[in-house]
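The structure appears right after this line, and notes come after that.
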Amino acid sequence: MRIGGVEMMQYASEMMTSSSSAVEAFDLKDASSWWSDVNKSPIWQDRIFHALALLYGIVSIVALIQLVRIQWRVPEYGWTTQKVFHFLNFVVNGVRAVVFVFRRDVQFMHPEILQHILLDIPSLAFFTTYALLVLFWAEIYYQARAVSTDGLRPGFFTINAVVYVVQIALWLVLWWKPVRVMVILSKMFFAGASLFAALGFLLYGGRLFLMLQSFPAESNGRRKKLQEVGYVTVICSTCFLIRCIMMCFAAFDEGANLDVLDHPILNFIYYLLVEILPSSLVLFILRKLPPKRGITQYHQIR
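Residue numbering for the sequence shown follows the working numbering, starting at 295 and increasing by one per position.
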């Protein structure tokens, strides 16, 4: 009887394990089915893309409002770095909003190269927008160190010109010969540019943070500036690193492709993490208006 009891206990244990495995398998299958159903549903595709358009539209409007507030505060100054940054945020997010409103129409545009251009141009402009912030920090850092900043702006324009020229060349080649290899090269180029931007934030954001940290504790605004630089550095470097990683996956894995209609959930997660959320947080952190007079920390774009 004792042996029989042991056998019964073992049998019951096996049954429970088997039942638990079956439940887990059912849950995974159910979750996979939900993901697949949403991705393949035209209604859900449109809802998710329109939700992205709404979020981008809100960020764009916030950037425009901030730009107008700055202009009212300091109308005597021209296009300062701060104003250009907010204007580019307004444009980038506004274009993204329009693209996602007409996302289904964009998918069926011909020639196919037009689809790539409309989806990639905002990414290029996003790179330029936040590279401008790196330039701003680099200027502050070198001026505080009494180092010449004459080469920073030409370097900024040169880097951006190279990025745009290379991307345009890739588009032209892709138009002439639309092969998979060229699509991979285009995505890997975006990944490389994103990694370069992340390193730029880590380099100059880190340097500026350490420089501010070395100031006397009683320095006016030291703690607030430390938090501002620290938060923006972490946010921007993280978002560009995520973009870099996702572009690498999208280049080689069709399941991670962001340029198709039937991956709306992936699109929502990706664009929320790499553009909408970072832009919103940075605009909130940099919401402080400049003083009416004696602005020395903002430099006019020439």
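No residue lacks a Cβ here, since even glycine has one placed at the ideal position from N, Cα and C. Please read these numbers as outputs of a predicted model, since none were measured by experiment.
(request) Determine the burial state of G494: buried for a count of at least 16 other Cβ atoms within 10 Å of its Cβ, exposed for fewer. (result) Per the 10 Å Cβ criterion, buried.
(request) Tell me, to the nearest whole angstrom, how far the beta carbon of A357 is from that of N333; I am working on the premise that it is less than 8 Å. (result) Wrong, their Cβ atoms sit about 31 Å apart, outside the cutoff.
(request) Tell whether a beta-carbon distance below 9 Å holds between L560 and L571. (result) No, Cβ-Cβ distance for L560 and L571 is not below 9 Å.
(request) Could you tell me whether the Cβ atoms of S531 and V353 are closer together than 9 Å? (result) Using a Cβ distance threshold of 9 Å, S531 and V353 do not count as a contacting pair.
(request) Starting from the Cα of E433, find the closest Cα among F420, V477, G449 and G486 and give me that residue. (result) Cα-wise, what sits closest to E433 is G449.
(request) Go ahead and pull the three-state DSSP assignment for K582. (result) Note: K582 maps to coil in three-state DSSP.
(message) Which residue marks the beginning of the alpha helix (DSSP H) containing P472, and which one marks its end?
(response) First-last for P472: undefined, no H or E at that position.
(message) Which same chain residues end up closer than 7 Å to H557 when comparing Cβ atoms and leaving out the 5 residues on each side of it in sequence?
(response) Taken in chain order, the residues that qualify are N333 and N551.
(request) Taking L412 as part of the alpha helix (DSSP H), name the residues at either end of that continuous run. (result) Segment I407 to A438, the alpha helix (DSSP H) holding L412.
(message) Less than 6 Å between C-beta atoms, sequence neighbours within five positions excluded: which residues of the same chain meet that for C542?
(response) Closer than 6 Å at Cβ, skipping near neighbours: A485.
(message) Measuring straight from C-alpha to C-alpha, what distance separates T527 and W431?
(response) Computed Cα separation, rounded: 10 Å.
(message) Cutting at 7 Å between CB atoms, please list the residues of its own chain near I411, excluding the five before and the five after it.
(response) Within the same chain, I411 has close Cβ partners W465.
(message) Can you find the residues in the same chain that come closer than 8 Å, C-beta to C-beta, to Q409, ignoring five residues on each side of it along the sequence?
(response) Contacts found: V400, Q401, M403 and D553.
(message) Looking at the secondary structure, which residues open and close the alpha helix (DSSP H) in which N561 lies?
(response) Counting along the chain, the alpha helix (DSSP H) containing N561 begins and ends at P558 to Y565.
(message) DSSP three-state label for M403, please.
(response) Coil at M403, not helix or strand.
(message) Using only the alpha-carbon positions, how far apart do G597 and Y435 sit?
(response) What is shown of the chain runs 295 to 596, which leaves residue 597 out entirely.
(request) Identify the continuous alpha helix (DSSP H) that holds D547 and give its terminal residues. (result) Where D547 is concerned, there is no enclosing alpha helix (DSSP H), given that its DSSP letter is neither H nor E.
(request) Could you tell me the boundaries of the alpha helix (DSSP H) in which I570 lies? (result) Premise fails: I570 is in no alpha helix (DSSP H) and is neither H nor E.
(request) Check whether the Cβ atoms of F421 and A491 sit closer than 9 Å, and answer yes or no. (result) Yes, these two residues count as a Cβ contact at 9 Å.
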